[in-house]
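Novice: For reference, the structure I am asking about is given below.
In this note's numbering, the protein residues as written are 906 to 1130.
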């Protein structure tokens, strides 16, 4: 059996000592190139799961491994260049679209990576249904849907092994949500990206490649199609 790209073993988590558990003995194995869709009502811990994988929070017990190595042994900055996390509310700086897209390349851990050219960025904008957006315009003037697509685009520019998406369509209208899910699916099909997306959207049946998991009773259960 090949080594999974991500493995969670016996993970338990609560927000405060003595508080109610969010996860209890949760296990998950993710193979390279898989597309996981994690569903469940708000407040069940879906976002927390992604934050634990990216070391933004720490489990009470259990182990998370990335390519066979415990993530606690990997510097957070190094881990986050391999596992990109896109938050539910996209964060942009008061700067141009170009500057926002290239911001991660200014971080020390990414200095050795080559920033894409304007031509490459403009092609990606078209692929992300952002053909009306200029690299020189202010990112703060974009709609929420446009910002969300730009945030996903920024995350994949570093070519991460795993992309974590936290409720990427929660604030979007149906048309924008459809665009985002189309982008996500193409990243998996065309580029073989390993994706973990959490959502309470009912769009899941339209994503035939996704393995659907539901958070229930503090652990994950895979749903049959």
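In this text, a Cβ means the ideal position worked out from N, Cα and C, and glycines have one as well. If you're wondering where the values come from, they're calculated on a predicted model, not measured in any experiment.
Hey, residue 969 and residue 913: beta-carbon distance below 7 angstroms or not?
Specialist: For the purposes of this step, residue 969 is taken as residue 64 along the chain shown, with counting starting at 1. For the purposes of this step, residue 913 is taken as residue 8 along the chain shown, with counting starting at 1. Yes, the pair counts as a contact, with Cβ atoms nearer than the cut-off.
Novice: In its own chain, which residues sit with a C-beta less than 8 angstroms from the C-beta of residue 992, not counting the 5 before and 5 after it?
Specialist: The residue given as residue 992 occupies position 87 in the chain shown. Correct list, in chain order: 1056, 1071.
Novice: Identify every residue that forms a DSSP beta bridge with residue 914.
Specialist: For the purposes of this step, residue 914 is taken as residue 9 along the chain shown, with counting starting at 1. DSSP output for residue 914 lists 968 as bridge partner(s).
Novice: Return the first residue and the last residue of the alpha helix (DSSP H) that residue 1000 is part of.
Specialist: Within the chain shown, residue 1000 is the residue found at index 95, counting from 1. Element bounds for residue 1000: n/a, residue is neither H nor E.
Novice: Taking three-plus beta-carbon pairs below 8 angstroms as touching, is the segment 978–996 in contact with the segment 1039–1059?
Specialist: yes
Novice: Measure the alpha-carbon distance for residue 966 versus residue 946 and round it to whole angstroms.
Specialist: For this step, residue 966 is matched to residue 61 along the chain shown. For this step, residue 946 is matched to residue 41 along the chain shown. Here the alpha carbon of residue 966 sits roughly 24 angstroms from the alpha carbon of residue 946.
Novice: So, with DSSP's three-state summary, where would you put residue 919?
Specialist: In the chain shown, counting from the first residue as 1, residue 919 sits at position 14. Three-state result, residue 919: strand.
Novice: Taking contact to mean at least 3 C-beta pairs separated by less than 8 angstroms, is the segment 925–934 in contact with the segment 1089–1099?
Specialist: The segment 925–934, when compared against the segment 1089–1099, does not touch it at the 8 angstroms Cβ threshold.
Novice: The beta strand (DSSP E) with residue 1117 in it runs from where to where?
Specialist: Walking along the chain shown from the start, residue 1117 turns up at place 212. First-last of the beta strand (DSSP E) with residue 1117: 1116–1121.
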